[in-house]
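Chemist:
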């Protein structure tokens, strides 16, 4: 359990929090600020170790390879993967989902197959499958939510079938904070169809919770590093090794080949087969350093503290009569709260809050179908991280009152 002094020490790790303007950053669902350790690690790599991995026998090529492959081993251990060969480095979760779509789904889905997904998916885990359904003539089947922003067992059991060939689900909604029981639904899906392939979108889950992909028994899991303190441009695809090795390459070029002839080529196994061209070594290193940083704090400590923050904020906001909340009341949720003023556009709310040096996101958060399902176009979203405080939430709520007064809204 972290106390106030622990959080104050953590805050000292972030140069961003030492800036004179004392900004309150509640847009961690978009990207987190970076600890000084991560920034220094990137700088040190380029100053002292920079080389092109897997290319050459000199010190810098070998050192860069060591850094890159060491990061892969770190991620594999962090996720509970059986082998580093199950970890593919990409730009982000979006690219990882597209890799699955192009390299597995286009090759395996056919007319009559069903793709099961929820209405709360990020566009990356929805538009991708619209395209695949159109190309393969598979059918999209959606899971909808109850009034508490949850998928019920009844809803799931009514939609899963022996026609379900692909089941993909977010482990934590980037709008609602809802965390469905992914493990349970994967078990049910596999009991209905032994050939179903399962995908977990972990972009909003992995930064906040311990993950064990072997225990989940998912076939794929994706996440982005920049939402958990690493630099931008590094993402991860976890995939079961036998499935990855059965898939066609996503891109073609250097370092993913085994042999090249004039009329044909053969390709390496995973992960190299999916990492064509020069890779993002500093990004992989920053992700490994971020994992070390989070492990030092403790993933259970992170989840517990962020849950307390989120529950505190939710309890403050739910009693404000001029707000509509679009967040599950379930206390087992990710650190995200979405809301609207009843009579003010969310962009205006975010702009006014920004004048008080409070950063929240406004828009559809890459989840238009979910917003449409909620009968709204946009919302404001506050998303928290380990360096946020209860005092910041108090300040935030205080200035929501200022927004109300500025916009001439009645308090009752």
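Residue numbers (full-length UniProt numbering): 1 to 412. By construction, the Cβ of each residue, glycine as well, lies at the ideal position given by its N, Cα and C atoms. All of these numbers come straight from a predicted model, not from anything done at the bench.
Would you call the CB atoms of residue 34 and residue 288 closer than 8 Å?
Modeler: Locating residue 34 in the chain shown gives position 34, where the first residue counts as 1. Locating residue 288 in the chain shown gives position 288, where the first residue counts as 1. It is not a contact, given that the beta carbons lie outside the stated cut-off.
Chemist: Let's test the definition: count the other Cβ atoms within 10 Å of the Cβ of residue 204 and tell me whether it reaches 16, buried, or not, exposed.
Modeler: Here residue 204 refers to the residue found at position 204 of the chain shown. Classification for residue 204: buried.
Chemist: Report all residues from its chain with a CB closer than 8 Å to the CB of residue 187; omit the five preceding and five following residues, and keep chain order.
Modeler: Within the chain shown, the letter at position 187 stands for residue 187. Cβ within range, chain order: 217.
Chemist: Pull the bridge partners of residue 114 from the DSSP assignment, please.
Modeler: Working through the chain shown from its first residue, we reach residue 114 at position 114. Its beta-bridge partners are 139, 164.
Chemist: For the beta strand (DSSP E) containing residue 275, list its first residue and its last residue.
Modeler: Counted from its first residue, the chain shown places residue 275 at position 275. Where residue 275 is concerned, there is no enclosing beta strand (DSSP E), given that its DSSP letter is neither H nor E.
Chemist: So, do the segment 277 to 297 and the segment 61 to 79 have three or more beta carbon pairs nearer to each other than 8 Å?
Modeler: The segment 277 to 297, when compared against the segment 61 to 79, does touch it at the 8 Å Cβ threshold.
Chemist: How would you call residue 277, buried or exposed, if buried means at least 16 neighbouring beta carbons within 10 angstroms?
Modeler: Position 277 of the chain shown, counted from the start, is the residue given in the question as residue 277. Classification for residue 277: exposed.
Chemist: Would you identify the three-state DSSP class for residue 238, choosing helix, strand or coil?
Modeler: Within the chain shown, residue 238 is the residue found at index 238, counting from 1. Three-state result, residue 238: strand.
Chemist: Under 8 Å, with one C-beta from each stretch per pair, do the segment 172 to 190 and the segment 98 to 111 reach the 3-pair mark?
Modeler: Taking 8 Å as the limit for Cβ pairs, the verdict is that the segment 98 to 111 does not touch the segment 172 to 190.
Chemist: Return the bridge partner residues of residue 259 from the DSSP annotation.
Modeler: On the chain shown, position 259 is the one that residue 259 refers to. The partner list for residue 259 (beta bridge, DSSP) reads 266.
Chemist: Going by C-alpha to C-alpha distance, which of 129, 382, 377, 291 sits closest to residue 37?
Modeler: Reading the chain shown from its first residue, position 37 is the one you call residue 37. The residue with the shortest Cα to Cα distance from residue 37 is 291.
Chemist: Kindly confirm or deny that the segment 36 to 51 and the segment 249 to 257 touch, where touching means at least three C-beta pairs closer than 8 Å.
Modeler: Output reads no: the segment 249 to 257 does not touch the segment 36 to 51.
Chemist: Kindly indicate which three-state DSSP category residue 384 falls into: helix, strand or coil?
Modeler: Taking the chain shown and counting its residues from 1, the one referred to as residue 384 is at position 384. Residue state, collapsed to three classes: coil.
Chemist: Would residue 352 and residue 403 be called neighbours here (beta carbons separated by less than 8 Å)?
Modeler: Counted from its first residue, the chain shown places residue 352 at position 352. Counted from its first residue, the chain shown places residue 403 at position 403. Cβ atoms of residue 352 and residue 403: closer than 8 Å.
Chemist: Within the same chain, show all residues whose beta-carbon is closer than 6 Å to that of residue 60, passing over the 5 residues directly before and after it, in chain order.
Modeler: Within the chain shown, the letter at position 60 stands for residue 60. Excluding residues within five positions, the ones whose Cβ falls inside 6 Å are 51.
Chemist: Using beta-carbon positions only, say whether residue 275 and residue 256 come within less than 8 Å of one another.
Modeler: The residue given as residue 275 occupies position 275 in the chain shown. The residue given as residue 256 occupies position 256 in the chain shown. Yes; because the gap between Cβ atoms is below 8 Å, this pair is in contact.
Chemist: Nearest chain D C-beta to residue 90 closer than 8 Å, yes or no?
Modeler: Looking for chain D here will not work: only one protein chain is present.
Chemist: Would you mind working out which of 66, 46, 306 sits nearest residue 53, comparing C-alpha positions?
Modeler: Residue numbering aside, residue 53 sits at position 53 when the chain shown is read from its first letter. Checking every option, the nearest Cα to that of residue 53 belongs to 66.
Chemist: Check whether the Cβ atoms of residue 83 and residue 76 sit closer than 8 Å, and answer yes or no.
Modeler: Numbered from 1 along the chain shown, position 83 holds the residue referred to as residue 83. Numbered from 1 along the chain shown, position 76 holds the residue referred to as residue 76. Going by C-beta atoms, residue 83 is nearer than 8 Å to residue 76.
Chemist: According to the Cβ coordinates, are residue 208 and residue 306 closer than 8 Å?
Modeler: Taking the first residue of the chain shown as position 1, residue 208 is located at position 208. Taking the first residue of the chain shown as position 1, residue 306 is located at position 306. Going by C-beta atoms, residue 208 is nearer than 8 Å to residue 306.
Chemist: With the cut-off set at 8 Å, would you say residue 24 and residue 358 are in Cβ contact?
Modeler: Locating residue 24 in the chain shown gives position 24, where the first residue counts as 1. Locating residue 358 in the chain shown gives position 358, where the first residue counts as 1. Yes, Cβ-Cβ distance for residue 24 and residue 358 is below 8 Å.
Chemist: Between which two residues does the beta strand (DSSP E) containing residue 221 stretch?
Modeler: As a position in the chain shown, residue 221 is number 221, starting the count at 1. First-last of the beta strand (DSSP E) with residue 221: 220 to 224.
Chemist: Taking 8 Å as the threshold (C-beta atoms), are residue 160 and residue 138 in contact?
Modeler: If you number the chain shown from 1, residue 138 lands on position 138. If you number the chain shown from 1, residue 160 lands on position 160. Taking 8 Å as the Cβ cut-off, residue 138 and residue 160 do not qualify as a contacting pair.
Chemist: Please name the residue in 31, 175, 273, 106 whose C-alpha comes closest to that of residue 364.
Modeler: Here residue 364 refers to the residue found at position 364 of the chain shown. Comparing Cα positions, the closest option is 175.
Chemist: Round the Cβ separation of residue 239 and residue 88 to the nearest angstrom and send it over; I've been treating them as touching at under 8 Å.
Modeler: Taking the chain shown and counting its residues from 1, the one referred to as residue 239 is at position 239. Taking the chain shown and counting its residues from 1, the one referred to as residue 88 is at position 88. Between residue 88 and residue 239 the Cβ distance is about 7 Å, and since that is below 8 Å, they are a contact.
Chemist: Could you check if residue 157 is buried or exposed, using at least 16 other CB atoms within 10 Å of its CB as the buried criterion?
Modeler: Numbered from 1 along the chain shown, position 157 holds the residue referred to as residue 157. So residue 157 counts as exposed.
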